[in-house]
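Let me begin by presenting the structure, written as structure tokens, before commenting on it.
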Amino acid sequence: MGVTCTTTPISPFRPLCPSYFNLSRSCPCFASRAASSRPFSVALHRFWGEIPLRVIDAMQRRDEKRMVASRIYTPPGFEVTTIPCDGTRALWKQKSIELFKQKREYDCSPYSFKYEKMDINAIRIQDKPKSPKQLISRDVGRLIDNKRPNGLSSKDILKEDVLNNESFMQRMKNEKQFQSKELGHTGTGSTDKAQTNGRPHKPGIHERLTNIYERVLVVDNASMAREVVSKLTNQYRHLIHACDTEVAKIEVKDETPIDHGEITCFSIYSGPEADFGNGKSCIWVDVLDGGGRDLLHEFAPFFESPGIKKHCEVTDVYKLDVAITLDLCIYLLSAKTWTLTFERHRLFPFPCKVSIGVDYVKQSSLVWHNYSFDNHVIENYGISVSGFHADTMHMARLWDSSRRINGGYSLEALTGDQKVMRGAEPCYKELIGKVSMKNIFGKQKVKKDGSEGKLTTIAPVEELQREAREPWICYSALDAISTLQLYKSLESQLSKMPWNMDGKPVLKKSMFDFYLEYWQPFGEILVRMETEGMLVDRAYLAVMEKVAKAEQEVAASRFRNWASRYCPDAKYMNVGSDTQLRQLLFGGICNSKDPLVTLPEVKTFKVPNVDKVIEEGKKTPTKFRDIKLCSIRVDLPVETYTASGWPSVSGDALKTLARKISSEYVVNDAAGSQLDDVVFDDSETMTDEDLESKELSVVENENESGHVGNLRRFQTPEEGIEACHAISSLCELCSIDSLISNFILPLQCIGGIESSNLSGKSGRVHCSLNINTETGRLSARRPNLQNQPALEKDRYKIRQAFIAAPGNSLIVADYGQLELRVLAHLANCKSMLDAFKAGGDFHSRTAVNMYPHIREAIEKKRVLLEWYPQPGEDKPPVPLLKDAFASERRKAKMLNFSIAYGKTPVGLSRDWKVSVAEAKETVNLWYKERKEVLKWQQARKKEARDDGRVHTLLGRARVFPSLTDASSSLRGHVERAAINTPVQGSAADVAMCAMLEISKNNRLKELGWKLLLQVHDEVILEGPTESAEVAKAIVVDCMSKPFGGKNFLKVDLAVDAKFAQNWYSAK
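Here full-length UniProt numbering is used: position 412 in the sequence shown is 412, and no number is missing along the way.
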């Protein structure tokens, strides 16, 4: 067995240890048996006596960054041997075999081929050579310390011996010529050095793919699969393996990969140092036909085994900052933990305890691009994927979160970007970047006349794999190759980015360490949550669908009836058509961009002939009929326009037009009570009496709120009120339609099939959770379960359809005012910190600080800030602030959130319908008691201008474009984002850490509770009802102390949690 042991230089040891090998000689871990008679030395040698120590360094050429020679420090009794390896794997292997035969030594380099245990009883480290032409110890140490599992990455090289060896240099020249053919030094987007007629020749896609095919091992039978798996799990288990699947029979944009899709093939790339026979470095496995499923299961040992784990733990007074690294390319004696105890030593003047634990397993790290998808399709075959090391999509988002709208995070976009790939090591011809299927297999669609059209079509995956086998193998293998090279590049670049937590640098840590500590386990959690999914009560949704469609028809009829008073044909119009609505409401208006263009007063439209009207001259009704829509001839105000210059008729524009009488305002408690007592076999609809009573309540509220400006545009106030109600019906119609199309219908089974495209065979809905927002907040799709309507707007109680399995309950826990608490911490605002410490209604306390008359009312006890009823008390003795000064509190609440998100007085003036000066005055009232917030915001704006980025609590960065020549609108957007990102992104950091704490809690695991969903500041778990109370307390504790069981924020994190049988009841 061979072990590589290295030490990391740190500042406390540098005066004693000018180089790595000096440190090795001085450190008690590496002292010889005769160096000391202290008790710890005896114990130390009992441990190391079984492990022959071999320290290896390898020399690289500066220009080519590849290994040219190695120097091996052997166990006692052996000399130092230098092996010229000439850069080729074959020669390296030959030299290694000769070394083993001659001296019973084993090569532990990345190109090693065999490892066996050696019977050595003592250990001695060779002293550093005295000659200046020998190895420089500092470079040796750096090279060893920086060695990666997939090869050497040090920028420093050692060439003293090489430069003085003429024969060796001549071999290097010959090797360089050979390498230009064999390896090539091309990067993404670069051209080959081959010459054609004196001009550089850039190979095409197919030519480059052919080069890849020569290095791909095609696995299509069980015996070959077992041989490959044996190498992956033994000889090459220390390498990082990039994996990719190709899947057929799935609509990626519409269907969840859970219980959908069939794998046709998959590829594994372990780097150029892996050799699976005849120089084949990439594996491509065909599982399309025949015994494909059985062949896939042959790779179960590879996919299911976790990675090698290492840990070094130091206790007592100080931490021992000496890293003892076990090289992964060796066989370990056994799966056990050694514990060494040292007494006082001149190098370590304190007692310390070092525990080196090694869990011996046969699988190492797997790297994916979009791990979630590949994980799910593999697990569809009953194989549980483990050993997850990195998702290059998440790594790219951590490196630059702005690519979501500027380049994207697809494998093709990332590997085709030289800026992204500049961190990749010198590479082989495989580094050509991911190539899309369209570029390789796309064909122009043939028109009826035989000519080629503009539309490009691609044959089904299974057809391509059968009929274009060689290009398809190259295309599939290139995905895995590109993924590994992208990982190396992003690892290198993230490792150079310093990690600052809460504004302070994390010692000796980079953003790659951040990824491994936070985003890597978080990515695994998200995949597990997607797999669990949420159970949906489809019978309840079916009832809600009937209720919603009935109310939708009532709202549409109400608007049509009103519109037909002005335009008779309006009763046949399509109320969902923007063109028809615009013609009805704004016919005759001029275009805002071209005043010479106007909407016609009357326009003809074709609509479905639902009434079966027989037109003049026809014997039977036609499918469609013509209607004429004319303007209502009322000069309605226009506040927003479309990009083409016409008045907008969107939902927001209609709400403004109706003077804020929105669908939520129209549908009063009567509708809510109707849904409270809904019976599954009796779907009630709204009666005329219900509508009349709601009309009266709306009129009263209309007059109270003072929104009567537009009523005067009509001949009588009654006509104006009817118009407001009619347009509000349109808003209601849009709201209902959104709930039906986004939730009620998609969450039900479609067409009576066993499962829909959004759910699996179990009937649970599996949405896709992604870290793809610029602030770092999660997003969800297929379906977007995060986009639930607010409780006060959830008229059909959609959340009630999400239920727990029989015998289980749901725990719903959410943070209280998390983003405002984060802002208070970041800005260190005394007023906000005091308000949160006092507790109670934060927005009411903000209003007290803003308005002197409210403060006076509180002091004179005319109103109460809060009221906590005692037994027997039904109402407070005096009005509450939120009731007596509702308008002021509403403004305070809006300001609390608007200022946290960087909203300006200009935006607030539009929201409040007041002048900019009035809005600015109100904003100044807010800042009066919170000057620290203003100072912090100004600092973030300056940081965005000077550094082009801002950071969250845990150190994630959001990158902004340069503002040197930016427009005023772009500058304003960046400044608002610079204020918003640290607040919203830090809140996302807190929620992520809380989920990590919950997922790591062993007690929750024992009780059987699992995370299902995160909705920004809210998490949902499912587990046995019998332990719900205990689990709820644990969840609250994890969320209130999310940072490793602590809370380092200056403000407490308030958490509210409930458990029930459905999501709605647990809110």
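Cβ coordinates follow ideal geometry from the N, Cα and C atoms, glycine included.
* **Residues of its chain near residue 564, where Cβ-Cβ distance is below 8 angstroms and the 5 sequence neighbours each way are ignored** => Reading the sequence shown from its first residue, position 564 is the one you call residue 564. Around residue 564: 570 and 571.
* Asked: Whose C-alpha, out of 812, 859, 768 and 890, is nearest the C-alpha of residue 1019?
  -> On the sequence shown, position 1019 is the one that residue 1019 refers to. For the residues 812, 859, 768 and 890, the minimum Cα distance to residue 1019 belongs to 812.
* Cross-strand partners of residue 834 (DSSP beta bridge) -> As a first step, residue 834 must be located in the sequence shown, where it is residue number 834. Residue 834 pairs with nothing; no bridge assigned.
* Is residue 1055 near residue 868, with beta carbons less than 8 angstroms apart? -> Working through the sequence shown from its first residue, we reach residue 1055 at position 1055. Working through the sequence shown from its first residue, we reach residue 868 at position 868. For residue 1055 and residue 868, no; Cβs fall outside 8 angstroms.
* Asked: What is the C-beta distance between residue 808 and residue 1025, in whole angstroms, given that I count them as a contact (C-beta under 8 angstroms)?
  -> As a first step, residue 808 is located in the sequence shown; it is residue number 808 there, counting from the start. As a first step, residue 1025 is located in the sequence shown; it is residue number 1025 there, counting from the start. Rounded, the Cβ-Cβ distance is 6 angstroms, consistent with contact.
* Asked: If you run the structure through DSSP and keep just helix, strand and coil, what is residue 500?
  -> To locate residue 500, count along the sequence shown from 1; it is residue 500. Strand, per DSSP.
* DSSP beta-bridge partners for residue 603? -> Stepping through the sequence shown from its first residue, residue 603 is reached at position 603. According to DSSP, which records beta bridges pairwise, residue 603 is partnered with 629.
* Asked: Assuming residue 481 contacts residue 269 under a Cβ cut-off of 8 angstroms, what Cβ separation, rounded to an integer in Å, is found between them?
  -> For the purposes of this step, residue 481 is taken as the residue at position 481 of the sequence shown. For the purposes of this step, residue 269 is taken as the residue at position 269 of the sequence shown. 5 angstroms between Cβ atoms; contact.
* Asked: How is residue 962 classed by DSSP in three states: helix, strand or coil?
  -> On the sequence shown, residue 962 is found 962 positions in, with the first residue counted as 1. Coil.
* To do: Answer yes or no: do residue 294 and residue 222 have a C-beta to C-beta separation smaller than 8 angstroms?
  => The residue given as residue 294 occupies position 294 in the sequence shown. The residue given as residue 222 occupies position 222 in the sequence shown. Yes. Within cutoff.
* Start and end residues, alpha helix (DSSP H) containing residue 724 -> Position 724 of the sequence shown, counted from the start, is the residue given in the question as residue 724. Segment 717 to 739, the alpha helix (DSSP H) holding residue 724.
* Asked: According to DSSP, is residue 444 helix, strand or coil?
  -> Here residue 444 refers to the residue found at position 444 of the sequence shown. Residue state, collapsed to three classes: strand.
* Asked: Near residue 841, what residues of its chain come up, given a Cβ to Cβ distance below 6 angstroms and the 5 sequence neighbours on each side ignored?
  -> Translated into positions along the sequence shown, residue 841 becomes position 841. 866.
* Give the single residue among 590, 788 and 383 whose Cα lies nearest to the Cα of residue 637. => In the sequence shown, counting from the first residue as 1, residue 637 sits at position 637. Of the listed residues, the one whose Cα sits closest to residue 637 is 590.
* Do you know whose CA, among 580, 606 and 603, lies nearest residue 647's CA? -> Here residue 647 is taken as the residue at index 647 of the sequence shown, counted from 1. Selected option, being the one with the closest Cα: 580.
* To do: Taking residue 585 and residue 567 to be in contact with their CB atoms under 8 angstroms, please state how far apart those CB atoms are, rounded to whole angstroms.
  => Your numbering for residue 585 matches position 585 in the sequence shown. Your numbering for residue 567 matches position 567 in the sequence shown. Not a contact, Cβ separation roughly 11 angstroms.
* Asked: To which residues of the same chain is residue 366 closer than 7 angstroms at the C-beta, ignoring the five residues directly before and after it?
  -> As a working note, residue 366 is residue 366 in the sequence shown. 241, 243, 387, 388 and 389, listed in sequence order.
* Tell me, please, whether the stretch 489 to 499 touches the stretch 392 to 411 by the rule of three or more beta-carbon pairs shorter than 8 angstroms. => yes
* In this structure, does DSSP put residue 210 in helix, strand or coil? -> By 1-based counting over the sequence shown, the position of residue 210 is 210. It is helical.
* Asked: What's the C-alpha gap between residue 1049 and residue 1036?
  -> In the sequence shown, the residue the question calls residue 1049 occupies position 1049. In the sequence shown, the residue the question calls residue 1036 occupies position 1036. Using only the alpha carbons, I get a separation of about 16 angstroms.
* Between which two residues does the alpha helix (DSSP H) containing residue 454 stretch? -> Against the sequence shown, residue 454 aligns to sequence position 454. Careful: residue 454 lies outside any alpha helix (DSSP H), inside the beta strand (DSSP E) at 452 to 457.
* To do: Reducing DSSP to helix, strand and coil, say where residue 1025 ends up.
  => One-based indexing of the sequence shown puts residue 1025 at position 1025. In the structure shown, residue 1025 sits in a helix (DSSP, three-state: H, G or I).
* How is residue 515 classed by DSSP in three states: helix, strand or coil? -> Within the sequence shown, residue 515 is the residue found at index 515, counting from 1. Residue 515 falls in the helix class under three-state DSSP.
* State the Cα-Cα distance for the pair residue 1001 and residue 1034, rounded to the nearest angstrom. => As a first step, residue 1001 must be located in the sequence shown, where it is residue number 1001. As a first step, residue 1034 must be located in the sequence shown, where it is residue number 1034. Their backbone Cα atoms lie some 8 angstroms apart in a straight line.
* Asked: DSSP on residue 422, reduced to helix/strand/coil?
  -> As a working note, residue 422 is residue 422 in the sequence shown. Coil, per DSSP.
* Asked: What three-state label does DSSP hand residue 520 in the structure shown?
  -> As a working note, residue 520 is residue 520 in the sequence shown. The answer is helix: DSSP assigns residue 520 an H, G or I state.
* To do: Taking only the alpha-carbon atoms, compute the straight-line gap between residue 962 and residue 945 and give it to the nearest angstrom.
  => Mapped onto the sequence shown, residue 962 falls at position 962. Mapped onto the sequence shown, residue 945 falls at position 945. One C-alpha to the other measures close to 8 angstroms.
* Asked: Alpha carbon to alpha carbon, what distance is there between residue 1051 and residue 233?
  -> By 1-based counting over the sequence shown, the position of residue 233 is 233. By 1-based counting over the sequence shown, the position of residue 1051 is 1051. Using only the alpha carbons, I get a separation of about 49 angstroms.
* Take residue 995 as the anchor and find which of 960, 968 and 1043 has the nearest alpha-carbon. => Taking the first residue of the sequence shown as 1, we reach residue 995 at position 995. When only C-alpha atoms are compared, the closest one is 1043.
* Quick one: is residue 507 buried, meaning 16 or more other Cβ sit within 10 Å of its Cβ, or exposed? -> Within the sequence shown, the letter at position 507 stands for residue 507. Residue 507 comes out exposed.
* Asked: Measuring CB to CB, does residue 261 end up less than 8 angstroms from residue 377?
  -> Within the sequence shown, residue 261 is the residue found at index 261, counting from 1. Within the sequence shown, residue 377 is the residue found at index 377, counting from 1. Closer than 8 angstroms, so yes.
* To do: Counting only the same chain and skipping the five closest in sequence on each side, list residues whose C-beta sits under 7 angstroms from that of residue 1060.
  => In the sequence shown, the residue the question calls residue 1060 occupies position 1060. If we look at residue 1060 and ignore the five residues flanking it on each side, its Cβ neighbours are 809, 810 and 1066.
* To do: Could you check the C-alpha separation between residue 141 and residue 483 for me, to the nearest Å?
  => Within the sequence shown, the letter at position 141 stands for residue 141. Within the sequence shown, the letter at position 483 stands for residue 483. Bear in mind that a pLDDT of 38 at residue 141, under 50, signals an unreliable position, so the number given afterwards is only what the model happens to contain. The alpha-carbon atoms of residue 141 and residue 483 are separated by roughly 30 angstroms.
* Residues in its own chain within less than 6 angstroms of residue 533 by CB, not counting five upstream and five downstream? -> As a working note, residue 533 is residue 533 in the sequence shown. Result list for residue 533: 764, 765 and 766, in chain order.
* Given residue 245, which residues of its chain have a CB within under 7 angstroms of its CB, disregarding the five upstream and five downstream residues? -> What you label residue 245 is simply residue 245 of the sequence shown in a count that begins at 1. Contacts found: 263, 266, 374, 377 and 378.
* **Any alpha helix (DSSP H) of 4 or more consecutive residues that is wholly inside the stretch 267 to 302** => 292 to 298
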